[in-house]
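Report on the following structure.
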Amino acid sequence: MDFFAHVRQRWYLYLPLAAIWVLAYVRMFFDPTPHIPLLFNWTPSVPYHVAWMQYGTRPLHKGDLIVFSFEGTARSHYPGLNRQPFLKLVRGLPGDVVTVQGSQVLVNGQAVGQAKPRAFDRYPLTPIAPVVIPADHYYVQGTSSDSFDSRYQESGLVQSRQVLGLAWPLF
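Positions in the sequence shown are counted from 1; adding 166 to them yields the numbering used here.
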């Protein structure tokens with residue numbers, strides 16, 4: 167019996183597989199925002215691989231681990247990043263002063279990281295411009311030097327409307 171004849175006769179067996187495929191497609195291309203409280207991180211940007219997420223926001227503080235929807239200008243070069251959930255630490259609050267000395271990025275005069283000239287795929291990166299962080303915006307950063315975060319104009323500051331919630335690392 168050929169495969170298609172088998173599928174036609176036992177179509178109900180393939181329904182769960184088709185449903186999973188459709189949901190994955192929708193999740194990837196139409197609604198990348200997570201809807202479950204577990205967040206999986208496969209990048210080296212923070213040392214946590216699984217985090218528990220609490221939706222909604224409260225006033226954020228430096229050191230908070232947040233999940234936000236990516237809306238940086240790098241979406242034109244990396245369309246898969248559009249509205250993807252990012253897991254980063256809050257390093258700067260509204261009113262804080264961000265400056266750049268060479269490739270060193272500083273928040274209120276304290277070094278928070280070095281901006282690299284290129285991404286891993288050789289895409290040119292631009293360090294963040296000196297700025298006083300406006301109201302309802304945050305400077306976020308990963309713990310890895312390879313993290314794609316507010317050090318770069320292509321990622322930018324995170325607006326409070328982008329914040330999906332707080333996260334607590336599980337492991």
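Beta carbons are placed, not taken as given, at the ideal position from N, Cα and C, and that holds for glycine.
How far does the alpha helix (DSSP H) with residue i in it extend, from its first residue to its last?
i           : result
residue 171 : 169 to 175
To which residues of the same chain is residue i closer than 6 Å at the C-beta, ignoring the five residues directly before and after it?
i           : result
residue 335 : 214, 217
residue 324 : 234, 304, 306
residue 219 : 203, 205, 233, 331, 333
residue 228 : 256
residue 238 : 320, 321, 322
residue 223 : 329
Below 8 Å on the Cβ atoms is my guess for residue i versus residue j; work out the distance and round it to an integer in Å.
i           : j           : result
residue 188 : residue 180 : About 12 Å separates the two Cβ atoms, so there is no contact after all.
residue 299 : residue 264 : 6 Å
Leaving out five residues on either side along the sequence, give the residues of the same chain with a beta carbon under 8 Å from the beta carbon of residue i.
i           : result
residue 262 : 273, 274, 298, 299, 305
residue 207 : 214, 215, 216, 217, 253
residue 260 : 299, 300, 301, 302, 303, 304
residue 230 : 255, 256, 332
residue 337 : 214, 215, 216
residue 283 : 269, 290, 291
Which residue from the options puts its Cα closest to that of residue i?
i           : options            : result
residue 249 : 327, 301, 302, 337 : 327
residue 202 : 221, 211, 191      : 221
residue 312 : 287, 225, 205      : 287
residue 280 : 258, 310, 230, 175 : 310
residue 290 : 329, 251, 243      : 243
residue 314 : 337, 285, 245      : 285
residue 209 : 251, 185, 168      : 251
What's the call for residue i, buried or exposed, on a 16-neighbour Cβ count within 10 Å?
i           : result
residue 332 : buried
residue 211 : buried
residue 257 : buried
residue 236 : buried
Counting only the same chain and skipping the five closest in sequence on each side, list residues whose C-beta sits under 7 Å from that of residue i.
i           : result
residue 240 : 247, 320, 321
residue 270 : 277, 280
residue 317 : 271, 279, 281, 293, 294, 307
residue 296 : 264, 265, 266
Could you give the first and the last residue of the continuous beta strand (DSSP E) run that contains residue i?
i           : result
residue 258 : 251 to 258
residue 235 : 231 to 235
residue 275 : First-last for residue 275: undefined, no H or E at that position.
residue 206 : 204 to 206
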